[in-house]
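Participant: According to the working numbering, the sequence shown is numbered sequentially starting from 215.
From the three backbone atoms N, C-alpha and C, an ideal C-beta is built for every residue, glycine too.
Remember, it's a predicted structure, so these values are computed and weren't measured experimentally.
So that we are looking at the same thing, I have put the structure below in structure tokens.
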Amino acid sequence: MSGHHRITLAANPPYFDGDKSKYLGFVDACTTYIGAYRSEFSLDETKILFVLSYLRNESGTSCAASRWAMNWKQHNFEGFQGLKAGVTATSFLEELQRAFGDSNAEQVAAARLMALRQGRRSCADYISDFEMLAADAGYNVVTSTDSKGEYKKGEQDNILIEFLERGLSSEIASRLYNTGVPLPKAYGAFLRPNQLPTNRSRWKSIPGHIARNCPEPKKKRTFFNRATMLEEIENRDKDNEFLKEIAEKLHEKGF
């Protein structure tokens, strides 16, 4: 490869005209680009000028973002001498956020999370949408385990599980809760079950089932790994397809 070429690590950010609904995507794109070519953005001034260059319409006509950029430069640059003392990339982003960030973004995401329903979507799609909205609403969906590999219960787990339960399809919800089996209280364990009994009892089809809660004698309970679980689910009736979807979702997340 010639020294005049470089590997493309990130796409150029889109132009931003001041539309607040596109602000987060714009900042994310700028952050990705600057991070990908970090060696070229060692100075705060370079980072700021790069972002400022994208605050305009694609056509180059005046817009809210371009007018804001012009005003900001007039107040924060010493002509061609560069940035005024004390101006940093962090302070620049804070001002940009105040100007174009949606101050109600978390509240809007929380409202959408509460209204989210699985409907006809697969479990994998529902879980993915749920976790994206939960993160946007300020909830911590990153789970952790203790030294024994057991999921820790986070401060927000109760509300996360409540929201997740509320949106499940009626079929799956009934299979989860009409058995009398106590379900995990930790969000990680609730969402990522890893043990299911092999016998064909009513407990077999309940995602989230925990071995210690099974009412059957221990001698009748055996457990198997994910590969065996998928094979068993594949051989069962189509009404249990959602179990396979959950297992695949867990595999994608590294479990």
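Buried or exposed: which applies to P228, given that a residue is buried once 16 or more other Cβ atoms fall within 10 Å of its Cβ?
Facilitator: Numbered from 1 along the sequence shown, position 14 holds the residue referred to as residue 228. With fewer than 16 other Cβ atoms within 10 Å, it is exposed.
Participant: L382 and Q332: beta carbons closer than 7 Å?
Facilitator: Residue mapping note: residue 382 aligns to position 168 of the sequence shown, counting from 1. Residue mapping note: residue 332 aligns to position 118 of the sequence shown, counting from 1. Yes, the Cβ-Cβ distance between L382 and Q332 is below 7 Å.
Participant: Roughly how many angstroms separate the alpha carbons of T260 and G315, rounded to a whole number?
Facilitator: As a position in the sequence shown, residue 260 is number 46, starting the count at 1. As a position in the sequence shown, residue 315 is number 101, starting the count at 1. Answer to the nearest angstrom: the Cα atoms are 22 Å apart.
Participant: Suppose contacts are defined by Cβ-Cβ distances below 7 Å. Is E320 in contact with A351 by that definition?
Facilitator: The residue labelled residue 320 in the question sits at position 106 within the sequence shown. The residue labelled residue 351 in the question sits at position 137 within the sequence shown. Cβ distance < 7 Å, so E320 and A351 count as in contact.
Participant: Could you tell me which whole beta strand (DSSP E) segments of length 3 or greater appear in the stretch 294 to 372?
Facilitator: none
Participant: Please classify D231 as buried or exposed, where buried requires at least 16 neighbouring CB atoms within 10 angstroms.
Facilitator: Working through the sequence shown from its first residue, we reach residue 231 at position 17. Buried, by the Cβ-count rule.
Participant: Work out the CA separation of S280 and E272 for me, nearest whole Å.
Facilitator: What you label residue 272 is simply residue 58 of the sequence shown in a count that begins at 1. What you label residue 280 is simply residue 66 of the sequence shown in a count that begins at 1. Going from the Cα of E272 to the Cα of S280 covers about 11 Å.
Participant: How close, in whole Å, do the beta carbons of F344 and L378 come, if the pair is a contact with beta carbons under 8 Å?
Facilitator: Residue 344 sits at position 130 when you count from the first residue of the sequence shown. Residue 378 sits at position 164 when you count from the first residue of the sequence shown. So it is a contact: roughly 6 Å between Cβ atoms.
Participant: Using the C-alpha atoms, what's the distance from K287 back to L266?
Facilitator: As a working mapping, residue 266 is identified with position 52 in the sequence shown. As a working mapping, residue 287 is identified with position 73 in the sequence shown. Each residue's alpha carbon lies about 9 Å from the other.
Participant: Check F291 in the structure and name its three-state DSSP category.
Facilitator: Looking up residue 291 in the sequence shown gives position 77. Strand.
Participant: To the nearest angstrom, how far is the alpha carbon of G336 from that of Q370?
Facilitator: Counted from its first residue, the sequence shown places residue 336 at position 122. Counted from its first residue, the sequence shown places residue 370 at position 156. Here residue 336 is Ser; the residue named in the question, Gly, does not match the sequence. Cα to Cα, the separation comes out at about 25 Å.
Participant: Quick check on I262: buried or exposed, where buried means 16 or more other Cβ atoms within 10 Å of its Cβ?
Facilitator: Reading the sequence shown from its first residue, position 48 is the one you call residue 262. The C-beta of I262 has 16 or more other C-beta atoms within 10 Å across all chains shown, which makes the residue buried.
Participant: For L378, name the three-state secondary structure that DSSP assigns.
Facilitator: On the sequence shown, residue 378 is found 164 positions in, with the first residue counted as 1. DSSP places L378 in helix when its eight states are reduced to three.
Participant: Given this structure, state the Cα-to-Cα distance separating I221 from T246, to the nearest angstrom.
Facilitator: Taking the first residue of the sequence shown as position 1, residue 221 is located at position 7. Taking the first residue of the sequence shown as position 1, residue 246 is located at position 32. Taking the straight line from one Cα to the other gives about 15 Å.
Participant: On the DSSP letters alone, give me the boundaries of the alpha helix (DSSP H) that E259 sits inside.
Facilitator: Here the question's residue 259 lines up with position 45 in the sequence shown. 258 to 266 is the span of the alpha helix (DSSP H), which, as asked, contains E259.
Participant: Kindly list the residues whose CB is nearer than 6 Å to the CB of A313, restricted to its own chain and excluding five residues on each side of it in sequence; keep chain order.
Facilitator: Here residue 313 is taken as the residue at index 99 of the sequence shown, counted from 1. Only W282 meet the Cβ criterion.
Participant: Run through DSSP, which three-state label would S276 get?
Facilitator: Numbered from 1 along the sequence shown, position 62 holds the residue referred to as residue 276. Here S276 sits in coil by DSSP.
Participant: Let's test the definition: count the other Cβ atoms within 10 Å of the Cβ of A325 and tell me whether it reaches 16, buried, or not, exposed.
Facilitator: In the sequence shown, residue 325 corresponds to position 111, counting from 1. Its Cβ having fewer than 16 others within 10 Å, A325 is exposed.
Participant: Give a yes or no on whether the C-beta atoms belonging to N285 and V301 are separated by under 7 Å.
Facilitator: Translated into positions along the sequence shown, residue 285 becomes position 71. Translated into positions along the sequence shown, residue 301 becomes position 87. No, they are not a contact pair.
Participant: Looking at A243: is its Cβ nearer than 7 Å to the Cβ of L223?
Facilitator: Working through the sequence shown from its first residue, we reach residue 243 at position 29. Working through the sequence shown from its first residue, we reach residue 223 at position 9. Their beta carbons are not under 7 Å apart, which means A243 does not touch L223 by this criterion.
Participant: For L269, count neighbouring C-beta atoms within 10 Å of its own C-beta (all shown protein chains included) and say buried if the count is 16 or more, exposed if not.
Facilitator: The sequence position of residue 269 within the sequence shown is 55, counting from 1. Flag for L269 reads buried.
Participant: Could you give the distance in angstroms between the alpha-carbon of M328 and the alpha-carbon of S235?
Facilitator: Against the sequence shown, residue 328 aligns to sequence position 114. Against the sequence shown, residue 235 aligns to sequence position 21. Cα to Cα, the separation comes out at about 20 Å.
Participant: If you reduce the DSSP assignment to three classes, tell me which class L238 lands in.
Facilitator: Taking the first residue of the sequence shown as 1, we reach residue 238 at position 24. In the structure shown, L238 sits in a helix (DSSP, three-state: H, G or I).
Participant: Taking the alpha carbon of V241 as the reference point, which residue from A303, E292, I386 has its own alpha carbon closest?
Facilitator: Residue 241 sits at position 27 when you count from the first residue of the sequence shown. Among A303, E292, I386, the Cα nearest to that of V241 is on A303.
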